[in-house]
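Numbering (full-length UniProt numbering), first residue to last: 1 to 328. Even for Gly, the Cβ is constructed at its ideal location relative to N, Cα and C. For reference, the structure discussed in these notes is given below.
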Amino acid sequence: MEGGVPQVLALTMGDPAGIGPELTAAAWQALRAGGPAFMVLGDPALYPGVPVRVVADAAQAAAVFAEALPVLPVGLACAARPGAPDVANAPAVIGSIARAVELALGGQAGAVVTNPISKLVLKQAGFAHPGHTEYLAELCGVPGREVMMLACPELRVVPVTIHVSLRRALDGLTTDEIVRCGRTTAEALRRDFGISAPRLAVAGLNPHAGEGGVMGGEEGEIIVPAIAALRGEGIDVTGPWPPDTMFTPTARARYDAALCMYHDQALIPLKTIDMAGGVNVTLGLPIVRTSPDHGTAFDIAGQGVADPSSLIAALKLARDMTRNRSAA
């Protein structure tokens with residue numbers, strides 16, 4: 001405990017056939033001496049090669065973390081084989097997420113960090129959500145309030161539209177959604193990132209931000225009204241910025257987070273700048289949630305070559321956000 005906040009993080013299992021188990025073991029090896037401490041909600045048999053200790057709660061996890069990987073058991077329906085996902089294990093994957101959120105909401109864990117899942121495998125099992133982000137919002141009782149941020153030390157980006165086709169993203173882009181995302185992002189920058197006066201930059205949708213309507217009218221019709229509304233709420237926001245120039249080092253120095261109009265507009269610059277250290281953050285929740293910014297990588301699972309940098313960054317950022325939130 002630090003300042004009344006549990007500092008042990010709840011790490012979900014992710015797809016047991018992906019790289020999550022080996023990343024978890026590598027993250028424990030890297031963090032066992034200095035933390036942050038975490039307990040993984042998964043099957044104890046998933047983590048050969050490191051000492052494992054079955055625990056019942058965060059207090060036990062904190063006590064053993066320096067010596068062994070703490071595992072709060074979540075049983076699998078069948079043995080996991082690296083690179084060979086099995087729909088039968090989907091309930092355990094989902095259950096690991098639900099239990100982690102329950103612990104965080106109840107104050108038994110400082111934050112939730114999620115290992116990668118396979119959206120396809122879960123969909124085949126009847127999972128009704130597009131991904132982690134939407135499911136977490138439902139578990140927290142705030143569906144529709146979730147906002148996805150991708151963060152690394154050099155850049156934070158928020159896509160206003162997320163896991164839909166580009167055509168659907170364009171059709172679904174509205175002034176209200178930009179305002180909602182901007183408002184949530186500004187609040188999170190203050191509360192979770194410790195930025196007292198956050199600065200937002202809003203990307204245009206079209207080449208050259210529409211160039212006065214010559215290349216598209218969405219800037220004037222949708223984006224500029226959203227910027228005006230956010231300014232009316234006292235938020236420091238600029239734009240619309242030409243998307244092809246707003247991610248240079250000089251431009252990035254002028255804002256704390258960029259609101260982007262669709263998924264790839266946000267994720268391409270972030271992953272180009274720092275693929276290994278990027279972190280997925282869900283804003284708008286009553287709990288802190290982070291995740292590595294990559295997928296299950298079934299093609300390399302079990303080979304011992306997966307890079308744990310993003311998971312380690314996600315664990316460290318979850319710790320820092322929890323501390324900032326408790327101090328706010």
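Tell me, which residues are paired with residue i by DSSP?
i: Gly42; result: Pro73
i: Arg199; result: Asp236
i: Pro159; result: Cys260
i: Val281; result: Met149, Thr290
i: Arg53; result: Pro70
i: Leu9; result: Phe38
i: Arg99; result: Note: Arg99 sits in no beta bridge, so no partner.
Do you know offhand how far residue i's Cα is from residue j's?
i: Leu136; j: Asp15; result: 16 Å
i: Asp171; j: Leu9; result: 38 Å
i: Gly3; j: Ala209; result: Residue placement at Gly3 is poorly supported in this model, since its pLDDT is 45, which falls under 50; the coordinates still yield a value, given next. Whole-angstrom Cα-Cα distance: 46 Å.
i: Leu315; j: Ala197; result: 25 Å
i: Arg199; j: Leu270; result: 18 Å
i: Gly239; j: Ala251; result: 12 Å
i: Arg231; j: Arg190; result: 16 Å
i: Leu76; j: Pro225; result: 50 Å
i: Gly34; j: Gly212; result: 53 Å
i: Pro48; j: Gly302; result: 11 Å
i: Met261; j: Asp299; result: 31 Å
i: Thr114; j: Ala327; result: 24 Å
i: Met1; j: Ala61; result: Because the pLDDT of Met1 is 44, which lies under 50, any placement of that residue in the model is unreliable, and the number read from its coordinates should be weighed accordingly. In a straight line, the C-alpha of Met1 is about 12 Å away from that of Ala61.
i: Pro85; j: Ile195; result: 41 Å
i: Gly20; j: Arg81; result: 12 Å
In terms of alpha-carbon separation, which member of the options lies closest to residue i?
i: Leu23; options: Leu166, Leu31, Asp307, Gly212; result: Asp307
i: Asp264; options: Thr184, Ser165, Gly49; result: Ser165
i: Tyr255; options: Met215, Thr185, Thr322, Ala229; result: Thr185
i: Ala276; options: Arg183, Cys152, Thr296, Val288; result: Cys152
i: Val288; options: Glu219, Ala104, Ala62; result: Ala104
i: Arg183; options: Gln7, Ala229, Ile223; result: Ala229
i: Gln7; options: Pro21, Ala30, Pro44, Phe65; result: Phe65
Around the Cβ of residue i, are there at least 16 other Cβ atoms within 10 angstroms (buried) or fewer (exposed)?
i: Ser118; result: buried
i: Asp244; result: exposed
i: Gly18; result: buried
i: Pro249; result: exposed
i: Asp176; result: exposed
i: Ala313; result: buried
i: Val168; result: A small fix is needed here, since residue 168 is Arg in this sequence, not Val. Per the 10 Å Cβ criterion, exposed.
Distance cutoff 7 Å, beta carbons only. Does residue i sit that close to anything in chain C?
i: Ala128; result: Protein chains in the displayed structure number just one, and chain C is not present.
Between the segment 112 to 132 and the segment 92 to 101, are three or more C-beta pairs nearer than 8 Å?
yes
The segment 139 to 150 / the segment 65 to 76 touching (three or more Cβ pairs under 8 Å):
no
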